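Beneath this line is the structure, given in structure tokens, with notes to follow.
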Amino acid sequence: MNYLAHLFLSGDDKDLRLGNFIADSVRGALIRLYPPRVQQGILLHRLIDSYTDAHPIVAQTKERLRPKFRKYAGVVADVFYDHFLASGFHHYSPLPLPTFAAEAYLQMQTEPGLLPERVLHFLPYMVRQNWLVSYAQVDGITRALQGLSSRAKFDSNMEVAGEELLENYGFYQAEFERFFPQLQAYVHEQIGLISSSA
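According to the numbering used here, the sequence shown is numbered sequentially starting from 4.
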């Protein structure tokens with residue numbers, strides 16, 4: 004899953020949300036530098052990724068994407084799924100997406116001491132371009148994937164992934180809508196386990 008899903012799945016717990024948001028930039032033993040609840044958010048992020056990567060519905064999505072995007076099929080699937088969460092956000096959250104996004108941006112901007120250097124670098128662009136809200140539109144997803152393509156180490160074709168989304172929109176949307184409630188249930192269970200073991 005991508006940024007929006009990780010933030011949303013953290014619920015109302017700000018420390019859990021912070022850890023979930025920065026997790027990709029925290030390697031190995033560096034996790035120990037963070038407060039315990041932020042560490043749990045980093046762990047939750049990794050659990051979400053593992054569950055998603057192993058899920059048969061997500062495997063169907065990636066299989067459809069693999070001929071065009073090869074090793075980047077999983078990245079494209081993550082971004083597509085964030086699009087469907089953003090475009091249908093009112094089905095999953097009582098908060099409007101712009102309100103949720105503004106609160107998430109504000110939290111991250113007010114806690115710079117806990118943000119890894121990589122996050123400090125991209126956060127101003129994320130806020131200025133309002134990535135989380137832009138994901139609700141195919142144009143926004145296309146821009147995100149074009150940016151990822153420009154930074155990819157190998158030829159990725161991600162710059163044309165927006166066309167693929169439009170061509171097979173119904174298939175990807177149906178897969179997301181079947182998968183996401185299962186992910187929500189899994190995350191709810193894992194938060195309970197993480198909290199009870201603290």
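Positions of the beta carbon are idealized from the N, C-alpha and C atoms, including for glycine.
Predicted model, so just to flag it, every value in this text is computed and none were measured.
Can residue i and residue j be called in contact, C-beta distance under 7 Å?
i	j	result
S13	N23	yes
E167	Q149	no
R181	I60	yes
V79	A147	no
A32	S90	no
V122	Y108	no
I144	V82	yes
N160	F72	yes
Within its chain, find whatever has a CB closer than 6 Å to the CB of residue i; leave out the 5 residues flanking it on each side and keep chain order.
i	result
A26	I45 and H48
A76	K65, L68 and R69
F92	L100
F157	none
F87	Q176 and F179
Might you give, ordered along the chain, the residues of its own chain that have their beta carbon closer than 7 Å to the beta carbon of residue i, omitting 5 neighbours on each side?
i	result
D3	In the structure displayed, the chain extends from 4 to 201; residue 3 sits before or after that span and is not available.
P101	V136
Y54	L186 and Y189
From residue i to residue j, what does the alpha carbon distance come to, in whole angstroms?
i	j	result
R20	I194	12 Å
E106	L7	12 Å
A62	D56	7 Å
G173	P184	18 Å
E178	P97	23 Å
P127	V190	29 Å
E192	F125	31 Å
V141	L169	8 Å
Q176	F11	18 Å
E120	H94	34 Å
S199	Q187	18 Å
I197	S28	21 Å
G116	W134	22 Å
Y30	N171	Looking at the sequence provided, one finds Arg at residue 30 rather than Tyr. Going by the C-alpha atoms only, they are around 36 Å apart.
D15	R154	33 Å
L118	H58	30 Å
H9	Y84	11 Å
Q132	K74	27 Å
For residue i, does the count of other Cβ atoms within 10 angstroms reach 16, so buried, or fall short, so exposed?
i	result
S152	buried
Under 8 Å Cβ to Cβ from residue i, same chain only, skipping five residues before and after it: list those, please.
i	result
Q110	K17, R20 and L21
E114	L21
Q112	L126 and V130
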